[in-house]
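Going by the working numbering, the residue at position 12 of the sequence shown is 97; the numbering climbs one at a time, nothing skipped. Glycine residues also receive a C-beta, built at the ideal position from the N, C-alpha and C atoms.
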Amino acid sequence: MKKAFAVGAMLGASSLLAFAQSPSKVGIINIQAAIIGTREGQAAAKDLESKSAPKKRELEKLQADINGLKDKFGKLNSVGSDEQKLSLQREIDAKTKSFNRQVEDAQAELDQEQGRLLNELGGKVLAVLDKYAKDNGYALILDVSAQNTPVMFAANGIDVTQDVVALYDKNAPTAGAPTSAAPGTSTAPTKPVGGTIAPSVAPSKTPGTTTPRPAAPKPGGVK
Numbered sequence: 086m087k088k089a090f091a092v093g094a095m096l097g098a099s100s101l102l103a104f105a106q107s108p109s110k111v112g113i114i115n116i117q118a119a120i121i122g123t124r125e126g127q128a129a130a131k132d133l134e135s136k137s138a139p140k141k142r143e144l145e146k147l148q149a150d151i152n153g154l155k156d157k158f159g160k161l162n163s164v165g166s167d168e169q170k171l172s173l174q175r176e177i178d179a180k181t182k183s184f185n186r187q188v189e190d191a192q193a194e195l196d197q198e199q200g201r202l203l204n205e206l207g208g209k210v211l212a213v214l215d216k217y218a219k220d221n222g223y224a225l226i227l228d229v230s231a232q233n234t235p236v237m238f239a240a241n242g243i244d245v246t247q248d249v250v251a252l253y254d255k256n257a258p259t260a261g262a263p264t265s266a267a268p269g270t271s272t273a274p275t276k277p278v279g280g281t282i283a284p285s286v287a288p289s290k291t292p293g294t295t296t297p298r299p300a301a302p303k304p305g306g307v308k
């Protein structure tokens, strides 16, 4: 009886030891913030923004032209002839249509390049996250970057975003100085890589014209 009890106690102790040695920590990460937070991600964002700047300036000029024509239309509305107003309205409509089409095309191109960069950098960040989790005994790390994240509560101190960014930068030296953040704080990006190509203010509306603007691009490529 005593021998059986001793064997049982030994088995129980072994189980507890195995449980203690197995990964048991749980953490969270904002993977999008991690990607943009790396030096490589910041450099890619600046490069993409620089490439899109000329087109954005071109669209802003076209937008200003449209607004100028609409101001002129407003002045003609009470004193101009029907023929003048009709001609001006047609010019406004044509330029507005061209403006909207160019915004959509440029935004689609920007979104595509943004997605490529996020996928490329995301794969590298996930590899670093995998190593970090194994080296630090994490059983589970949840991504909280999505809007509809299932995480309803997370205790302070379990966000590993900055640790992963630091580990990534340490092993992937790039130009530029790293940005620092206070321990325990998140650095979720205020905008996706490259931003949006659409000018900040849409042309004012006049009767018979519409100026729909494309929605801002969604950060994609990494789940």
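For E125 and G165, the gap between their C-alpha atoms comes out near 57 Å. Q247 has its alpha-carbon roughly 33 Å from the corresponding atom of A191.
Per DSSP, reduced to three states, the secondary structure at A239 is coil, with no helix or strand assignment.
Closest option to N256, judged by alpha-carbon separation, among Q148, A118, L214 and G200: L214.
Rounded to whole angstroms, R142 and L173 show a C-alpha spacing of 24 Å. Shown here, V229 sits in coil according to DSSP, grouped into three states, outside any helix or strand. Looking at the DSSP output, K110 bridges to Y223. In the DSSP annotation of this structure, the continuous segment of the alpha helix (DSSP H) that includes S163 starts and ends at R124 to V164. Between the C-alpha atoms of Q199 and L133 there is a straight-line separation of about 8 Å. Closest in C-alpha terms to I151, from the list A193, S109 and D178, comes D178.
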